[in-house]
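Residue numbers (the numbering used here), protein chains in the order written: chain A, 1 to 115; chain B, 116 to 226.
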């Protein structure tokens, strides 16, 4: 049971380049999330999705786009990478939260450096 | 949205009970309290969640006083493998996307 899988695990980009981070979950979860974590800080929500075909902005959405074409996948795109986007990116998933104790399940992160 | 305050770091020894307290003065009626654990180079892992009084599972207990303005995560008989960062989050149970993650408490367990 893989849980939440993120690819790639590491990446170095030059300023202005674009890339897509892939998140895949095999738990049939409805909800998926993208976070970034800067050194010594907690997670900040970038975008999230409550179901296939739907996405919404989180706390820090600028400079990122997302897509949820399939229930099991949630893609995070950087159209024009900037040094300020150097961070560790975490994807998470959870069952629908209404009406139950639904913890988030996290991947192991993608370490992204923008030069 | 309720914000939380936790100690930046704590030290303890193997076999001891560790209590990490989190302050959340502006917690709302519908807010739940959730704790996660994070090891280096890994994503956070859910530990426990509660609304009031006491909750216990196989790894921890969560104590919440009547006014709910604070909560305490209790780890019984810690081992070296409990060295990690622990996050306290407050938010509506039906709304994971409104959770605010603080810097957490770095717990170091010594032999």
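Beta carbons are placed, not taken as given, at the ideal position from N, Cα and C, and that holds for glycine.
Predicted model only: the values in this text are computed from it and were never measured.
Proximity to residue i [Cα-Cα], best of the options
i: residue 93 of chain B; options: B:161, B:118, B:142 and B:192; result: Nothing in the structure corresponds to residue 93 of chain B, since chain B is present only between 116 and 226.
i: residue 137 of chain B; options: B:173, B:213 and B:205; result: B:205
i: residue 190 of chain B; options: B:150, B:143, B:145 and B:140; result: B:150
i: residue 41 of chain A; options: B:193, B:121 and B:198; result: B:121
i: residue 123 of chain B; options: B:202, B:157 and B:193; result: B:202
i: residue 168 of chain B; options: B:182, B:139 and B:157; result: B:182
i: residue 84 of chain A; options: A:39, A:96 and A:94; result: A:39
i: residue 46 of chain A; options: A:26, A:96 and A:92; result: A:92
i: residue 166 of chain B; options: B:192, B:156, B:185 and B:127; result: B:185
i: residue 5 of chain A; options: A:20, A:25, A:19 and A:21; result: A:25
i: residue 19 of chain A; options: A:105, A:104 and A:82; result: A:82
Any non-hydrogen atom of the ligand MN closer than 7 Å to residue i Cβ
i: residue 91 of chain A; result: No copy of the ligand MN appears in this structure; indeed no ligand is present at all.
Cα-Cα separation between residue i and residue j, rounded to whole angstroms
i: residue 131 of chain B; j: residue 224 of chain B; result: 9 Å
i: residue 173 of chain B; j: residue 188 of chain B; result: 13 Å
i: residue 72 of chain A; j: residue 226 of chain B; result: 42 Å
i: residue 148 of chain B; j: residue 217 of chain B; result: 13 Å
i: residue 219 of chain B; j: residue 14 of chain A; result: 31 Å
i: residue 177 of chain B; j: residue 170 of chain B; result: 5 Å
i: residue 23 of chain A; j: residue 115 of chain A; result: 24 Å
i: residue 80 of chain A; j: residue 61 of chain A; result: 14 Å
i: residue 87 of chain A; j: residue 35 of chain A; result: 10 Å
i: residue 179 of chain B; j: residue 159 of chain B; result: 22 Å
i: residue 17 of chain A; j: residue 90 of chain A; result: 20 Å
i: residue 64 of chain A; j: residue 76 of chain A; result: 7 Å
i: residue 3 of chain A; j: residue 78 of chain A; result: 24 Å
i: residue 213 of chain B; j: residue 58 of chain A; result: 8 Å
i: residue 144 of chain B; j: residue 163 of chain B; result: 19 Å
i: residue 67 of chain A; j: residue 102 of chain A; result: 23 Å
i: residue 197 of chain B; j: residue 135 of chain B; result: 13 Å
i: residue 56 of chain A; j: residue 96 of chain A; result: 15 Å
Presumed contact (8 Å Cβ cut-off) between residue i and residue j, rounded CB distance
i: residue 222 of chain B; j: residue 133 of chain B; result: 7 Å
### Task
Could you tell me whether the segment 19-31 of chain A touches the segment 46-60 of chain A, where touching means 3 or more Cβ pairs closer than 8 Å?
yes
### Query
If you pair each beta-carbon of the segment 102-112 of chain A with each one of the segment 6-21 of chain A, do three or more pairs fall below 8 Å?
yes
#### Entry: Those runs of the alpha helix (DSSP H) which lie wholly inside the segment 174-225 of chain B and span at least 4 residues
none
### Query
Using 8 Å as the Cβ pair cut-off and three pairs as the minimum, do the segment 116-125 of chain B and the segment 69-89 of chain A touch?
no
### Task
Note down, one range per segment and in chain order, each beta strand (DSSP E) of at least 3 residues found wholly within the segment 12-42 of chain A.
19-25 and 31-37
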